[in-house]
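Undergrad: Be aware that the sequence shown starts at 28, since it is given in the numbering used here, and climbs by one per residue. For glycine and all other residues, C-beta sits at the position ideal for the given N, C-alpha and C. Note that this is a predicted model, so its numbers are computed, not measured. Questions regarding the structure given below will be posed in turn.
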Amino acid sequence: MKYELDIHTHTIASGHAYNTLQEMIYAAKEKGLKLLGVSEHAIAMPGTCHLFYFHNLKVVDRHYDDLELMLGAEVNIIGYNGELDLDEETLEGLDYAIASLHTPCLAAGTMEQNTNAYIKAMENPHINVIGHPDDSRFPVDYEQFVLAAKENHVLIEINNGSLNPKGFRQNTRENDITILNLCKKYNVPVCLNSDAHVASDIGNTTFIEPLLDETNFPEELIINTSVDKFKLIVVKYDISKKGALRMSKKIRTTAVDYLFEAILSLKDTEECYTFFEDVCTVNELLSLSQRFEVAKMLRQHKTYLEIAEKTGASTATISRVNRSLNYGNDGYDMVFSRLGEIFEDESNDSE
Ligand SMILES: [Zn+2]
Ligand SMILES: [Zn+2]
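Below you can see the structure in the form of structure tokens.
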């Protein structure tokens, strides 16, 4: 089977991996991948990059001919209540996030503690994937785990590195078979990842394949078969979780009321330029207009890729706009209809 993506890889920035970002991109292209996700170890891992690495991801291009790059993090779960080693704001700026348990960052707890740690991490709206939950050093109640992944719309990773006979994680084969059987039973998608720490290992699923055969695992539950499928899931999952958070924020104040009255007093586009150029920074204005354009393209059923290409918006931005479109106050749609925009019937709820 041909897979289009590998979203768990590390470069030299992680401290114990061996290739540069450019080398990883080159290797991913050589292997014919369409999407490479680079997920450096977050800050609790000894020897990894500084927090500022994760704040500066904007400087990196995301498109290399036919290969798209996504920059996320392998976030460490550092407490049994799902505490993470990156703060909200940093997580918000990532293209996606994997959460994992690592022995240098959290000592193994009881089965109950480990399971709770994973489930609480899944409940965090920024977490898209749970990395290598396959290690008997961290015993897990897999039935509860898989059901929570389904409930929280988080992808479960099947990690090729864990299955390497040279690997250090324990009973990974047995645990992965248990996970795959439960995912099959409950119809929960999985993501197959190499966890490459060297460029030649990108896209490697050789140790996973026999397990898929053995469990007769359905292809439609393997997210790697299509970038669009992966994005739809990450974005959609993002939306369903974050919508509620967004709406609970209280923004109604007299100062905001006064601003809106001012906006309503503007007579034409020219006056808008005059006012907004003074009241906003250029970037604020451009990001507002970018969001509006993204919303329109989402309503026009443009693909994620088309939108990113046309508007230059990041994954995080598109997902935020999508969330507001579907779980917000219908503000975009109200304005679109006033502007006479007509879109074909909404099919945003489809899989
Ligand atoms: Zn890991
Ligand atoms: Zn890793």
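Going by alpha carbons, who is nearest to Lys29 out of Glu333, Thr142 and Thr233?
TA: Translated into positions along the sequence shown, residue 29 becomes position 2. Nearest option by C-alpha distance: Thr233.
Undergrad: Going along the chain, which unbroken runs of the alpha helix (DSSP H) with 4 or more residues stay wholly within the stretch 308–378?
TA: Listed in chain order, they are 309–326, 331–338, 342–354 and 358–365.
Undergrad: Taking the continuous alpha helix (DSSP H) assigned at Ala144, which residues delimit it?
TA: What you label residue 144 is simply residue 117 of the sequence shown in a count that begins at 1. Taken as a continuous stretch (DSSP letters only), the alpha helix (DSSP H) holding Ala144 covers Met138 to Glu150.
Undergrad: Roughly how many angstroms lie between the CA atoms of Gly109 and Asn103, to the nearest whole one?
TA: What you label residue 109 is simply residue 82 of the sequence shown in a count that begins at 1. What you label residue 103 is simply residue 76 of the sequence shown in a count that begins at 1. When rounded, the distance between both Cα atoms is 9 Å.
Undergrad: Using the C-alpha atoms, what's the distance from Val321 back to Ala135?
TA: For the purposes of this step, residue 135 is taken as the residue at position 108 of the sequence shown. For the purposes of this step, residue 321 is taken as the residue at position 294 of the sequence shown. Between Ala135 and Val321, the C-alpha separation is close to 44 Å.
Undergrad: Would you mind stating whether Asp255 and Asn202 have Cβ atoms separated by less than 8 Å?
TA: Translated into positions along the sequence shown, residue 255 becomes position 228. Translated into positions along the sequence shown, residue 202 becomes position 175. No, Cβ-Cβ distance for Asp255 and Asn202 is not below 8 Å.
Undergrad: Heavy atom of ligand 2 less than 7 Å from the Cβ of Gly74, yes or no?
TA: Residue numbering aside, residue 74 sits at position 47 when the sequence shown is read from its first letter. Gly74 Cβ: outside cutoff for every heavy atom of ligand 2.
Undergrad: Can you list, in chain order, the residues of its chain whose CB lies under 7 Å from that of Phe244, leaving out five sequence neighbours each side?
TA: Taking the sequence shown and counting its residues from 1, the one referred to as residue 244 is at position 217. Correct list, in chain order: Leu207 and Lys211.
Undergrad: When DSSP labels each residue in this structure, what does Asp93 get in the three-state scheme?
TA: Here residue 93 refers to the residue found at position 66 when the sequence shown is read from its first residue. Note: Asp93 maps to coil in three-state DSSP.
Undergrad: Report yes if the C-beta distance between Leu63 and Glu31 is below 8 Å; otherwise report no.
TA: As a working mapping, residue 63 is identified with position 36 in the sequence shown. As a working mapping, residue 31 is identified with position 4 in the sequence shown. It is not a contact, given that the beta carbons lie outside the stated cut-off.
Undergrad: Using only the heavy atoms of ligand 2, determine whether one of them is closer than 7 Å to the beta carbon of Gly158.
TA: For the purposes of this step, residue 158 is taken as the residue at position 131 of the sequence shown. For ligand 2, at least one heavy atom lies less than 7 Å from the Cβ of Gly158.
Undergrad: Tell me the rounded alpha-carbon separation between Met51 and Asn187.
TA: The count along the sequence shown starts at 1 and reaches residue 51 at position 24. The count along the sequence shown starts at 1 and reaches residue 187 at position 160. Taking the straight line joining both Cα atoms gives about 17 Å.
Undergrad: Is it the case that the Cβ atoms of Thr130 and Arg164 are separated by a distance below 8 Å?
TA: To locate residue 130, count along the sequence shown from 1; it is residue 103. To locate residue 164, count along the sequence shown from 1; it is residue 137. Yes, these two residues count as a Cβ contact at 8 Å.
Undergrad: Where does Leu32 fall in DSSP's three states?
TA: As a position in the sequence shown, residue 32 is number 5, starting the count at 1. The answer is strand: DSSP assigns Leu32 an E or B state.
Undergrad: Grab the span of the beta strand (DSSP E) containing Ile105 for me, first residue to last.
TA: On the sequence shown, position 78 is the one that residue 105 refers to. Counting along the chain, Ile105 falls outside any beta strand (DSSP E), and DSSP gives it neither H nor E.
Undergrad: Report the partner residues of Ile125 according to the DSSP bridge assignment.
TA: Position 98 of the sequence shown, counted from the start, is the residue given in the question as residue 125. In DSSP, Ile125 forms a bridge with Glu101 and Val156.
Undergrad: Looking only at C-alpha atoms, which of Glu119, Ala71, Asp295 and Gly106 sits nearest to Asn83?
TA: Position 56 of the sequence shown holds residue 83. Among Glu119, Ala71, Asp295 and Gly106, the Cα nearest to that of Asn83 belongs to Glu119.
Undergrad: Relative to the C-alpha of Ser127, which candidate in Glu298, Ile229 and Ser189 has its C-alpha closest?
TA: Along the sequence shown, one-based indexing puts residue 127 at 100. Answer by Cα proximity: Ser189.
Undergrad: Helix or strand or just coil, what does DSSP make of Gly188?
TA: Locating residue 188 in the sequence shown gives position 161, counting from the first residue. Helix.
Undergrad: Quick one: does Asp168 have its CB under 8 Å from some CB of chain C?
TA: Structure shown: chain C not included; a single protein chain is present.
Undergrad: Considering only C-alpha positions, which residue in the set Thr47, Leu60 and Leu239 is nearest to Glu67?
TA: As a working note, residue 67 is residue 40 in the sequence shown. With distances taken between Cα atoms, Glu67 lies closest to Thr47.
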